[in-house]
Amino acid sequence: MGFDPPQECQCRACSFPCPYLYSLDSSEDPPKSVVILDPPWDRLLEKDSVTLKCQGAYPPGDDSTEWRWNGTLISNKASSYSITDATVGNSGEYTCKTGLSAQSDPLRLEVYKGSKSPSPILSFFLPWHQIIFCLVMGFLFAVDTGLYFSVRKVLRSSKEDWRNGKVTWSRDPQDKGG
Numbered sequence: 001m002g003f004d005p006p007q008e009c010q011c012r013a014c015s016f017p018c019p020y021l022y023s024l025d026s027s028e029d030p031p032k033s034v035v036i037l038d039p040p041w042d043r044l045l046e047k048d049s050v051t052l053k054c055q056g057a058y059p060p061g062d063d064s065t066e067w068r069w070n071g072t073l074i075s076n077k078a079s080s081y082s083i084t085d086a087t088v089g090n091s092g093e094y095t096c097k098t099g100l101s102a103q104s105d106p107l108r109l110e111v112y113k114g115s116k117s118p119s120p121i122l123s124f125f126l127p128w129h130q131i132i133f134c135l136v137m138g139f140l141f142a143v144d145t146g147l148y149f150s151v152r153k154v155l156r157s158s159k160e161d162w163r164n165g166k167v168t169w170s171r172d173p174q175d176k177g178g
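This is the structure:
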């Protein structure tokens, strides 16, 4: 005549131990609940969204969750708590507790002021800087190409003069005659 655990405790695929086993031995503390972030970032920018999920053991028929923010009870009783359009005021420590699990360790969430994209003034001026940069680069490419072909032409004529023995030395760079 031993204890027969309920059907849900006979499955070993679940991630949490069977909650009924903790009720048999009162000297052992129940496992702690765990707060999981989705997405898994504990630092957010304003207007970001995040969902906090509480993992823990629930008694049959009662899937309510106790959420706390900086120690203050939150009215949400669902197993997940969503923050949409986060503000700096949402920063703080969040904990959760399920019916058969102990209070979770606090999860620190930080919300920072900032924006995901450049401000409208910056985005207005930014393309002009890019346009000027492209124009300057195009101009420099044209000058460089012109200089290349000019020097190439002079070097070819100097090479032919050297072969034909028409090379003359002068002290004045303007003196090209022979």
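Under full-length UniProt numbering, read the sequence shown as residues 1 to 178, first letter to last.
Positions of the beta carbon are idealized from the N, C-alpha and C atoms, including for glycine.
Note that the coordinates shown come from a computational prediction; the quantities given were computed from them, not determined experimentally.
If you draw a straight line from the Cα of T84 to the Cα of K32, it comes to about 27 Å.
In the DSSP annotation of this structure, the continuous segment of the beta strand (DSSP E) that includes T65 starts and ends at T65 to W69.
Sorting A102, L107, G61 and P30 by C-alpha distance to the C-alpha of T51 places L107 at the top. With contacts defined by Cβ atoms closer than 9 Å, E110 and S91 form a contacting pair. A distance below 9 Å separates the beta carbons of G56 and T65. In the structure shown, the three-state DSSP call for Q103 is coil. The way I'd put it, the stretch 34-41 does touch the stretch 93-108; three or more beta-carbon pairs between them come closer than 8 Å. Note that the C-beta distance between C54 and W67 is below 9 Å. At a Cβ-Cβ threshold of 9 Å, L45 and A86 count as neighbours.
Look at T87 here: in three-state DSSP terms it is coil, with no helix or strand label.
Following the DSSP letters along the chain, one finds D29 in no beta strand (DSSP E), marked with neither H nor E.
By alpha-carbon distance to D29, the top candidate from L73, L100, G89 and V88 is L100.
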